[in-house]
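Asks:
Protein chains in written order, with this note's numbering: chain Z, 32 to 318; chain V, 46 to 397; chain L, 2 to 294.
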């Protein structure tokens, strides 16, 4: 390429070095954007997104089928939108969909690169490891949160528009609450799964352990409940749904505690992931 | 083409004017040059570096100092070449010892990797990217703005002659193309230290010649090139010095002829081509410092083994004059990497 | 005469019996499975419940303990705890779920690596068929799952029978239920495990797929059935969940009822259909060549 043959000397196009305070926000922002761009390019419209989309679409389709089912007026009246959606949200979204979609989206952020034997390209870049972790976490959060929040919103709307006649205000506030819980769930589980992807060769095994713990959460001692993510998410639910006769009721945690607690856990796991990445060695043969 | 600062503060290329760095790039240039000055003469230093994989030895007690130019890493499979390269690029950490590249340690990735380019042995790429996207994306991660990243991507692709295939998916490349795109990615950010693990693998003769001349170009620019290869005659042709590894140990290092001179247990072999080889062989047998002489297979020369080359060459001069021999050439026959490999590594294998 | 005709001599020594040749695969693959310490620990844990059940059976049939129990809880002299279908159904359910988790851990390692490393041509260029290859792999799962399902449960059944005279005569059907219930479940688990291992070539992703498949289908079935105000008499959506289908079959086999479920025949049909799909997938994936699109 003749047009590019007289590219500038390395010094001229060297990315800006750090300033005297040691921080270079402009460079970090560009590096973060660089990682996000590449990750989006790799993941969006890839086969990795299929399970996520399947998890998101199914409840919408199911509720749409029910809404057009030939039910008698009496049967139709029996379906109250708020408890119906609260049930779907707790049984489907909280128990399985958010968990699985985060598992799919976040575990592969680093483990996928290790399996593809392409992580070394990232590690050979002059980038702070915290920036890698933050960027990858951002991509995982964006993809899972957007898909799940959209699915929750769509299901919520289908249920309420088919079976209820709530005011616009309560409709919007309910929708935003559930979507926000879904996003928080994605952020919380996402951080944990990203960490698992960095620490375990087969992160699915500890994920199964976590799943069983979260599944058994309603039946655990109130103190043990507090070390799970689902407890804080359930605390934020606007409608209570009983999951069985043996459920041990624990006092709800206030949103002013549960939301910051989740955010602190997320920050701690992202920091831990950065530390792990700094220690990481590339020996693909072990994986 | 030159580079100017865009509105966002990033460096953007402008066409048609000579390189006219603005304030920001001037600052970068000053800092870049000051970096080079500050690190001049520091080279790449391994101090007592060992690396074990559990109980398996990777490399042991490596003490090396690598200077600018081309350094060839030579050794059989499993000798520790890739381990040494992975240590040098921070993909592995030493179990013991310290390693510095241009005065920087592995704990400073954000500074260190601006100066290192690594073409690794792993024949794998991020999924779904074209050749262009592969190089461009990582330049963006380095922190380069769109304009310079684009320019540098095309420049790197041009250096390995892959412009035509740039928009094709890497997954569809042939082995040689994959090797070249890896090389292009390693050189794209114009590093000072280039670590290349078997970079000529899978390349056809034309591409080999092009890449070798590229390496020589880098040498002229004062860069550090560390190249591992099994193709000994190519190492011989391009390397300024070699590091011979065997079973995780450095068995010899330095400039090829220097290493050869120090191997006293192996007499030097000299091939003399002349008009009367049989007569010459009979005469030189009389010299006490000649260990052996034999007529070459093509019967056009004599292969002489000597422990004292300096004295031998003086005596040879006298002999040629006194006997009136017509000489074609006199040259060392085992002063290359192949011979070093044979003596130090294969010989070692046979003796153990 | 060609050079090879001077040197090449076809092997004419003894060969292994073609009927048992497939056992070469489990011989080496079992080592690979047990190489993981995590798997070994989990495998050992799977025996804790049967061990606890054996201790419980012994206590419940021990006259001294029963006297102490009667005194402690002030029950009548004729008080006895009779072990029947409910006890074995509970054990079967626990061991069944553990078997499922064991498959999620062990199955992905069986075929995924062979397919990823393009090793199938090496196997199939020997006097070794695709069926034998699949048989060799499935034998490992069948053996592992048998070890934690019907073998310990049948031992418990016989142990209980040995403690109470006439118990086997009265509850003999439980033995058959254990064999049939376990047999069907371990075949389903093995087939699904192998099909996923052959389809998804990376071990962790295959584990993730298996895990997602079982729990996602189960949760979906629960959501479809349990919607307040829309509860049907029969939870037909359970046919899409192997866990719910199997539970329906077990309830029928052990003559127990824990809430509404699909008829046993529907559960069996759903599970057999799933096995059929897995067989087709294995047929597509286990080949000596691969078409790269």
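We treat Cβ as the ideally placed atom computed from N, Cα and C, and that holds for glycine.
Run the CB neighbour count on residue 38 of chain L, radius 10 Å, all protein chains shown included, and call it buried at 16 or more, exposed below.
Replies: Classification of residue 38 of chain L: exposed, given that the 10 Å Cβ count is below 16.
Asks: In chain order, what residues of the same chain have a beta carbon less than 6 Å from the beta carbon of residue 214 of chain Z, not counting five sequence neighbours either side?
Replies: The answer, listed in chain order, is 176, 180.
Asks: When the Cβ atoms of the region 207 to 218 of chain V are set against those of the region 244 to 264 of chain V, are three or more pairs found closer than 8 Å?
Replies: no
Asks: With a 10 Å radius around its C-beta and 16 neighbouring C-beta atoms as the bar for buried, classify residue 45 of chain L as buried or exposed.
Replies: exposed
Asks: Under 9 Å between C-beta atoms, does residue 45 of chain L make it to chain Z?
Replies: So no, residue 45 of chain L is outside the interface.
Asks: Among residues of its own chain, excluding the 5 on either side of residue 137 of chain Z, which ones have a beta-carbon nearer than 6 Å to its beta-carbon?
Replies: 171, 221, 224, 225
Asks: Considering just the uninterrupted stretch of the beta strand (DSSP E) at residue 266 of chain V, what are its terminal residues?
Replies: Element bounds for residue 266 of chain V: n/a, residue is neither H nor E.
Asks: Would you mind telling me which residues of chain Z sit closer than 8 Å to residue 209 of chain L, beta carbon to beta carbon, in chain order?
Replies: In chain order: 134, 135, 138, 235, 238.
Asks: Just verifying my parser: in three-state terms, what is the DSSP assignment at residue 206 of chain V?
Replies: coil
Asks: Quick one: residues in its chain with C-beta nearer than 8 Å to the C-beta of residue 169 of chain Z, no 5 flanking neighbours on either side, listed in chain order?
Replies: Excluding positions up to five away in sequence, the list reads 63, 67.
Asks: Which word fits residue 173 of chain L, buried or exposed, when buried means at least 16 other C-beta atoms lie within 10 angstroms of its C-beta?
Replies: Classification of residue 173 of chain L: exposed, given that the 10 Å Cβ count is below 16.
Asks: Can you list, in chain order, the residues of its chain whose CB lies under 8 Å from that of residue 48 of chain L, leaving out five sequence neighbours each side?
Replies: 149, 153
Asks: Any Cβ of chain L within less than 9 Å of the Cβ of residue 123 of chain Z?
Replies: At a cut-off of 9 Å, the C-beta of residue 123 of chain Z has a neighbouring C-beta in chain L.
Asks: If you compare alpha carbons, which of L/267, L/162, L/268 is closest to residue 55 of chain L?
Replies: L/162
Asks: Would residue 294 of chain L pass as an interface residue toward chain Z - the criterion being a Cβ-Cβ separation below 9 Å?
Replies: Below a pLDDT of 50, predicted positions are generally treated as unreliable, and residue 294 of chain L, at 49, falls in that range; no measurement from the model is reported.
Asks: Quick one: give me the first and last residue of the alpha helix (DSSP H) that residue 124 of chain Z is part of.
Replies: That residue, residue 124 of chain Z, is in no alpha helix (DSSP H); it is neither H nor E in DSSP.
Asks: For chain Z, is any of its Cβ atoms less than 9 Å away from the one on residue 190 of chain V?
Replies: yes
Asks: Under DSSP, the beta strand (DSSP E) around residue 339 of chain V begins and ends at which residues?
Replies: 335 to 340
Asks: Hey, out of V/358, V/363, V/289, V/353, whose CA is closest to residue 109 of chain V's CA?
Replies: V/289
Asks: Can you list, in chain order, the residues of its chain with a C-beta nearer than 8 Å to that of residue 285 of chain Z? Leave out the 5 residues immediately preceding and following it.
Replies: 266
Asks: Considering just the uninterrupted stretch of the beta strand (DSSP E) at residue 314 of chain V, what are its terminal residues?
Replies: 313 to 319
Asks: Determine the burial state of residue 71 of chain V: buried for a count of at least 16 other Cβ atoms within 10 Å of its Cβ, exposed for fewer.
Replies: Because residue 71 of chain V carries a pLDDT of 42, less than 50, the predicted location of this residue cannot be relied on, and the following value inherits that uncertainty. Exposed, by the Cβ-count rule.
Asks: Tell me whether residue 291 of chain V sits in a helix, a strand or coil according to DSSP, three-state version.
Replies: Reduced to three states, the DSSP call for residue 291 of chain V is strand.
Asks: So the beta strand (DSSP E) residue 145 of chain V belongs to, where does it begin and stop?
Replies: 141 to 146
Asks: Identify the contact partners of residue 163 of chain V in chain Z, using a Cβ-Cβ distance below 7 Å as the criterion.
Replies: 155
Asks: Do residue 187 of chain L and residue 139 of chain Z have their C-beta atoms within less than 9 Å of each other?
Replies: no
Asks: Within its chain, find whatever has a CB closer than 7 Å to the CB of residue 100 of chain Z; leave out the 5 residues flanking it on each side and keep chain order.
Replies: none
Asks: Any beta carbon from chain L within less than 9 Å of residue 91 of chain Z's own beta carbon?
Replies: no
Asks: Is it the case that the Cβ atoms of residue 143 of chain L and residue 191 of chain L are separated by a distance below 9 Å?
Replies: yes
Asks: Answer yes if the region 185 to 192 of chain Z comes into contact with the region 83 to 99 of chain Z, meaning at least three C-beta pairs across the two stretches below 8 Å, and no otherwise.
Replies: yes
Asks: Where do the N-terminal and C-terminal ends of the alpha helix (DSSP H) with residue 134 of chain L fall, by residue?
Replies: 131 to 149
Asks: How many whole angstroms separate the CB atoms of residue 101 of chain L and residue 199 of chain L, which I take to be in contact at a CB cut-off of 8 Å?
Replies: Actually they do not touch by this definition, with Cβ atoms about 19 Å apart.
Asks: In angstroms with no decimal places, state the Cα-to-Cα distance between residue 360 of chain V and residue 368 of chain V.
Replies: 12 Å
Asks: Indicate the three-state DSSP secondary structure (helix, strand or coil) for residue 116 of chain V in the structure shown.
Replies: strand
Asks: Would the region 312 to 324 of chain V and the region 332 to 347 of chain V be scored as touching if the rule is three or more Cβ pairs under 8 Å?
Replies: yes
Asks: As an exercise, report each continuous beta strand (DSSP E) stretch of at least 3 residues that is fully enclosed by the region 228 to 259 of chain V, in chain order.
Replies: 238 to 242
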